[in-house]
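Q:
Protein chains: 2
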Amino acid sequence: MLLYYFEMTLSEEDYIKAIYHLSQIDSKSVATNAIAEQMKTKPSSVTDMVKKLSEKSLVKYKKYQGVSLSEKGRLVALSIIRKHRLWEVFLVDKLNFSWDEVHEVAEQLEHIKSDALIDKLDAHLGFPKVDPHGDPIPNKEGFFTKSVKKLISELPVLSEGVCVGVNDSSVTFLKFLDKNNIALGDTFKILDREEFDGSVTILTRVGAIRISEQIASNLFLEIVDEE
Amino acid sequence: MLLYYFEMTLSEEDYIKAIYHLSQIDSKSVATNAIAEQMKTKPSSVTDMVKKLSEKSLVKYKKYQGVSLSEKGRLVALSIIRKHRLWEVFLVDKLNFSWDEVHEVAEQLEHIKSDALIDKLDAHLGFPKVDPHGDPIPNKEGFFTKSVKKLISELPVLSEGVCVGVNDSSVTFLKFLDKNNIALGDTFKILDREEFDGSVTILTRVGAIRISEQIASNLFLEIVDEE
DNA sequence: ACAATTTTTTAGCTTTGTCTAAATTTATTT
DNA sequence: AAATAAATTTAGACAAAGCTAAAAAATTGT
Ligand SMILES: [Mn+2]
Ligand SMILES: [Mn+2]
Ligand SMILES: [Mn+2]
Ligand SMILES: [Mn+2]
Numbered sequence: 001m002l003l004y005y006f007e008m009t010l011s012e013e014d015y016i017k018a019i020y021h022l023s024q025i026d027s028k029s030v031a032t033n034a035i036a037e038q039m040k041t042k043p044s045s046v047t048d049m050v051k052k053l054s055e056k057s058l059v060k061y062k063k064y065q066g067v068s069l070s071e072k073g074r075l076v077a078l079s080i081i082r083k084h085r086l087w088e089v090f091l092v093d094k095l096n097f098s099w100d101e102v103h104e105v106a107e108q109l110e111h112i113k114s115d116a117l118i119d120k121l122d123a124h125l126g127f128p129k130v131d132p133h134g135d136p137i138p139n140k141e142g143f144f145t146k147s148v149k150k151l152i153s154e155l156p157v158l159s160e161g162v163c164v165g166v167n168d169s170s171v172t173f174l175k176f177l178d179k180n181n182i183a184l185g186d187t188f189k190i191l192d193r194e195e196f197d198g199s200v201t202i203l204t205r206v207g208a209i210r211i212s213e214q215i216a217s218n219l220f221l222e223i224v225d226e227e
Numbered sequence: 001m002l003l004y005y006f007e008m009t010l011s012e013e014d015y016i017k018a019i020y021h022l023s024q025i026d027s028k029s030v031a032t033n034a035i036a037e038q039m040k041t042k043p044s045s046v047t048d049m050v051k052k053l054s055e056k057s058l059v060k061y062k063k064y065q066g067v068s069l070s071e072k073g074r075l076v077a078l079s080i081i082r083k084h085r086l087w088e089v090f091l092v093d094k095l096n097f098s099w100d101e102v103h104e105v106a107e108q109l110e111h112i113k114s115d116a117l118i119d120k121l122d123a124h125l126g127f128p129k130v131d132p133h134g135d136p137i138p139n140k141e142g143f144f145t146k147s148v149k150k151l152i153s154e155l156p157v158l159s160e161g162v163c164v165g166v167n168d169s170s171v172t173f174l175k176f177l178d179k180n181n182i183a184l185g186d187t188f189k190i191l192d193r194e195e196f197d198g199s200v201t202i203l204t205r206v207g208a209i210r211i212s213e214q215i216a217s218n219l220f221l222e223i224v225d226e227e
């Protein structure tokens with residue numbers, strides 16, 4: 001990630017991350033109001049911050065035209081996301097937090113400044129490639145394998161892939177998955193889909209099971225043989 | 001530690017911790033200039049902050065009379081110190097940092113807000129009683145065993161105790177200790193002391209060794225049969 | 001085309017934590 | 001007991017990050 005040789009405040013880092021995520025959704029330039037909503041602040045505060053980030057060449061900004069990350073800004077975003085997701089892995093794998101409890105704490109931990117820390121944490125965790133929600137962890141240079149993850153409900157019959165994420169991370173849903181022996185990292189094959197109600201039969205490590213459309217639209221598979 | 005039900009900023013927490021440490025050294029009330037030096041700020045900034053902490057009943061303060069922690073303030077200090085030292089244990093035991101590298105990062109990590117996090121970290125580390133520098137870790141209620149630790153150079157012949165800390169945490173010194181099979185947690189017995197140069201013969205797990213006065217005045221033993 | 005609505009920016013104010021310079025209080029010397 | 005020195009506080013400013021209310025620009029509807 002080539003570290004960034006200028007100091008960034010916690011708030012600046014969160015803005016950069018928000019802009020990154022918003023531009024993933026909509027590729028074009030990001031609207032002031034969208035950032036305000038994401039950051040739970042007012043549009044006027046966003047305008048002020050965006051000007052500051054523009055001064056530091058982290059974003060490209062023209063009045064009334066929205067904002068987009070510069071290459072420098074993109075690398076900063078990925079460095080923060082890397083830290084966020086590594087900490088999430090730590091919280092789940094080492095401290096036995098559950099998937100849905102880790103976000104808030106990771107939101108704080110991602111701002112700890114120490115390159116040595118994050119390198120050693122990465123090693124301690126065995127250089128994980130995805131976080132507990134199945135999202136990819138960028139490496140030090142900001143590269144990551146764009147998981148071509150798709151919802152089971154959107155995949156054709158006979159697709160096969162690794163379960164890498166959930167859409168709904170509520171406790172209820174996670175409990176359901178546990179009970180049905182569905183876990184991140186498992187490989188599933190889609191055997192059949194009912195026209196009638198969209199329910200899907202999948203092959204899991206404990207055999208074939210039937211899941212409802214609702215479940216199918218909340219589980220991401222990473223397809224093995226694509227790109 | 002009963003958590004504190006009011007929000008504290010990072011800066012307030014660092015001030016409270018500084019005041020705690022300074023009042024350990026000198027028991028009386030702490031001087032504005034002393035805090036300024038510790039915090040690397042100006043005395044006028046300290047006055048402002050101390051007024052604010054006084055508003056929140058964390059310190060007792062009278063103009064020109066110095067400042068001391070209230071009971072509430074003392075508990076806050078101990079809660080931060082607990083976090084600081086647990087993170088130090090984590091960095092050394094789990095991430096393979098060395099003793100002298102952990103302070104700066106722990107200085108940041110101590111401010112992460114999450115009771116669940118610190119409980120689970122404590123458990124993950126096996127409920128350690130001392131940090132990598134031999135300093136005691138307060139429990140959740142703010143209690144800790146005041147280690148009656150003394151320098152080897154200050155202990156009488158035939159004293160016996162567990163090596164719990166170092167005075168000098170320079171890399172050179174730590175390397176020396178490694179080479180001579182001296183580690184925290186080891187039990188030593190003082191066999192003899194030379195009047196001539198103050199050098200001391202101690203019994204270690206690999207037999208009796210002779211250490212210079214300089215070394216003896218940098219190693220703390222916790223005496224077993226006291227209090 | 002132009003009025004109405006929505007989005008975005010500006011202006012001005014607030015809080016936190018810092019600073020410098022000046023004033024005040026306390027401590028130390030003669 | 002002054003006079004001097006040191007420690008502490010006050011006054012006034014500043015940067016960061018937020019807010020509200022008002023102005024300006026862009027978009028939408030007719
Ligand atoms: Mn954050
Ligand atoms: Mn995640
Ligand atoms: Mn700190
Ligand atoms: Mn320590």
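As given, the protein sequences belong to chains A and B, one line each in that order. So for the first sequence, full-length UniProt numbering puts the first residue at 1; every next one is plus one. So for the second sequence, full-length UniProt numbering puts the first residue at 1; every next one is plus one. Ideal Cβ placement from N, Cα and C applies to all residues, glycine included.
(1) Quick check on the burial criterion: 16 or more other C-beta atoms within 10 angstroms. Buried or exposed for B:L109?
(2) Starting from B:E222, trace the beta strand (DSSP E) both ways and give me its first and last residue.
(3) Given a threshold of 16 other Cβ atoms within 10 Å of its Cβ, counted over all protein chains shown, does A:L69 qualify as buried or as exposed?
(4) At a CB-CB cut-off below 9 Å, which residues of chain A make contact with B:S98?
(5) What do you get for B:N33, buried or exposed, if any count of 16 or more other CB atoms within 10 angstroms of its CB means buried?
(6) Counting only Cβ pairs nearer than 9 Å, list the residues of chain B close to A:I112.
(7) Nearest-angstrom Cα distance between A:Y15 and B:L10?
(8) Does B:K94 have its Cβ less than 8 Å from a Cβ in chain A?
(9) At what residue ranges does the segment 79–148 of chain A contain a whole run of the alpha helix (DSSP H), taking only runs of 4 or more?
(10) Could you check the C-alpha separation between residue 294 of chain A and A:K40 for me, to the nearest Å?
(11) Check whether the segment 140–154 of chain A touches the segment 213–221 of chain A, counting contact only when three or more Cβ pairs, one atom from each stretch, lie closer than 8 Å.
(12) Chain B partners of A:H124, CB-CB under 7 Å?
(13) In its own chain, which residues sit with a C-beta less than 7 Å from the C-beta of B:I211, not counting the 5 before and 5 after it?
(14) Determine the closest residue to A:V102 out of B:N96, B:S114 and B:D100, with distance taken between C-alpha atoms.
(15) Of the residues B:K63, B:R74, B:V92 and B:L121, which one's Cα is nearest the Cα of B:Q24?
(16) Between the segment 86–94 of chain A and the segment 39–55 of chain A, are three or more C-beta pairs nearer than 8 Å?
(17) Report the residue ranges of all beta strand (DSSP E) runs contained in full by the UniProt domain "HTH dtxR-type" (8–70) of chain A; include only those spanning at least 3 residues, in chain order.
(18) Measure from the C-beta of residue 305 of chain A to each C-beta in chain B and report whether the shortest distance is under 8 Å.
(19) In this structure, how does DSSP classify A:A77 when only helix, strand and coil are distinguished?
(20) Just the C-alpha distance for A:R82 and A:E37, rounded to the nearest angstrom, thanks.
(21) The beta strand (DSSP E) spanning A:D186 covers which residue range?
(22) Output, in chain order, the set of chain A residues within a Cβ distance shorter than 7 Å of B:K17.
(23) I want to see whether chain A comes within less than 8 Å of B:K120, judged by CB atoms only; does it?
(24) Could you confirm whether any beta carbon from chain A is found closer than 8 Å to the beta carbon of B:L117?
(25) Decide if B:L158 is buried, meaning its Cβ has at least 16 other Cβ atoms within 10 Å, or exposed.
(26) Mind reading off the beta-carbon distance from B:G134 to B:V92? Whole number of angstroms is fine, and I expect it under 8 Å.
(27) With distances taken from CA atoms, which of B:E13, B:K56, B:K60 and B:F6 is nearest B:V30?
(28) Is residue 269 of chain B near ligand 3 - that is, is its Cβ less than 7 Å away from at least one heavy atom of it?
(29) Starting from A:V166, trace the alpha helix (DSSP H) both ways and give me its first and last residue.
(30) What would DSSP say about B:L203, mapped onto helix, strand or coil?
(31) What are the partner residues of A:L151, as DSSP defines its beta bridges?
(32) Are there 16 or more other CB atoms within 10 angstroms of the CB of B:V162, so buried, or fewer, so exposed?
(33) Within the continuous alpha helix (DSSP H) that includes B:V157, where are the two ends?
(34) With distance defined between alpha-carbon atoms, name the residue in B:A18, B:K28, B:L58 and B:K129 nearest to B:F6.
A: Let me lay it out:
(1) Your numbering for residue 109 of chain B matches position 109 in the second sequence. Only buried fits B:L109, as 16 or more other CB atoms lie within 10 angstroms of its CB.
(2) As a working mapping, residue 222 of chain B is identified with position 222 in the second sequence. Here the beta strand (DSSP E) through B:E222 covers L219 to I223.
(3) As a working mapping, residue 69 of chain A is identified with position 69 in the first sequence. Burial call: buried.
(4) Here residue 98 of chain B refers to the residue found at position 98 when the second sequence is read from its first residue. Within 9 Å Cβ-Cβ: nothing; B:S98 doesn't reach chain A, min ~11 Å.
(5) Along the second sequence, read from residue 1 onward, the residue named residue 33 of chain B stands at position 33. With fewer than 16 other Cβ atoms within 10 Å, it is exposed.
(6) As a first step, residue 112 of chain A must be located in the first sequence, where it is residue number 112. Neighbours of A:I112 on chain B, chain order: V105, Q108, L109 and I112.
(7) Counting from one through the first sequence, the residue named residue 15 of chain A turns up at place 15. Counting from one through the second sequence, the residue named residue 10 of chain B turns up at place 10. Rounded to whole angstroms, the gap between the alpha carbons of A:Y15 and B:L10 is 20 Å.
(8) Reading the second sequence from its first residue, position 94 is the one you call residue 94 of chain B. The beta-carbon of B:K94 is placed less than 8 Å from the nearest beta-carbon of chain A.
(9) Look at the segment 79–148 of chain A and you find these whole runs of alpha helix (DSSP H), each 4 residues long or longer: 103–109 and 115–124.
(10) No information on residue 294 of chain A is available, as it lies outside the stretch 1 to 227 that chain A covers here.
(11) Yes, since at least three Cβ pairs between the segment 140–154 of chain A and the segment 213–221 of chain A fall closer than 8 Å, the two stretches touch.
(12) Looking up residue 124 of chain A in the first sequence gives position 124. The contacting residues are K94 and L95.
(13) Here residue 211 of chain B is taken as the residue at index 211 of the second sequence, counted from 1. In its chain, beyond the 5 residues on either side, S199, V200 and I202 have a beta carbon closer than 7 Å to the beta carbon of B:I211.
(14) In the first sequence, residue 102 of chain A corresponds to position 102, counting from 1. For A:V102, the nearest C-alpha among the options comes from B:S114.
(15) In the second sequence, counting from the first residue as 1, residue 24 of chain B sits at position 24. Here the closest residue by C-alpha is B:R74.
(16) With a cut-off of 8 Å, the segment 39–55 of chain A and the segment 86–94 of chain A do not count as touching, because too few Cβ pairs lie within range.
(17) Runs of the beta strand (DSSP E) inside the UniProt domain "HTH dtxR-type" (8–70) of chain A: 59–61 and 67–69.
(18) Nothing about residue 305 of chain A can be read from this structure; chain A reaches only from 1 to 227.
(19) Here residue 77 of chain A is taken as the residue at index 77 of the first sequence, counted from 1. In the structure shown, the three-state DSSP call for A:A77 is helix.
(20) Along the first sequence, read from residue 1 onward, the residue named residue 82 of chain A stands at position 82. Along the first sequence, read from residue 1 onward, the residue named residue 37 of chain A stands at position 37. Rounded to the nearest angstrom, the two C-alpha atoms are 23 Å apart.
(21) Stepping through the first sequence from its first residue, residue 186 of chain A is reached at position 186. Element bounds for A:D186: n/a, residue is neither H nor E.
(22) Locating residue 17 of chain B in the second sequence gives position 17, counting from the first residue. Within 7 Å Cβ-Cβ: nothing; B:K17 doesn't reach chain A, min ~18 Å.
(23) Counted from its first residue, the second sequence places residue 120 of chain B at position 120. At least one chain A Cβ lies under 8 Å of B:K120.
(24) To locate residue 117 of chain B, count along the second sequence from 1; it is residue 117. B:L117 counts as touching chain A.
(25) Mapped onto the second sequence, residue 158 of chain B falls at position 158. Under this definition B:L158 is an exposed residue.
(26) The sequence position of residue 134 of chain B within the second sequence is 134, counting from 1. The sequence position of residue 92 of chain B within the second sequence is 92, counting from 1. With 8 Å as the limit, B:G134 and B:V92 do not qualify as a contact, their Cβ atoms being about 12 Å apart.
(27) The sequence position of residue 30 of chain B within the second sequence is 30, counting from 1. Checking every option, the nearest Cα to that of B:V30 belongs to B:K60.
(28) Past the edges of chain B, shown from 1 to 227, lies residue 269 of chain B, and the structure says nothing about it.
(29) Here the question's residue 166 of chain A lines up with position 166 in the first sequence. Residue range E160 to V166 is occupied by the beta strand (DSSP E) that includes A:V166, with no alpha helix (DSSP H) assigned at that position.
(30) Position 203 of the second sequence, counting from 1, holds the residue named residue 203 of chain B. Under the three-state reduction of DSSP output, B:L203 falls in the strand class.
(31) By one-based count along the first sequence, residue 151 of chain A stands at place 151. DSSP, once it has assigned bridges, lists A:F220 as partnering A:L151.
(32) In the second sequence, residue 162 of chain B corresponds to position 162, counting from 1. Buried: at least 16 other Cβ atoms inside 10 Å.
(33) On the second sequence, residue 157 of chain B is found 157 positions in, with the first residue counted as 1. Careful: B:V157 lies outside any alpha helix (DSSP H) and carries neither H nor E.
(34) Taking the first residue of the second sequence as position 1, residue 6 of chain B is located at position 6. Taking only the C-alpha atoms, the option nearest B:F6 is B:L58.
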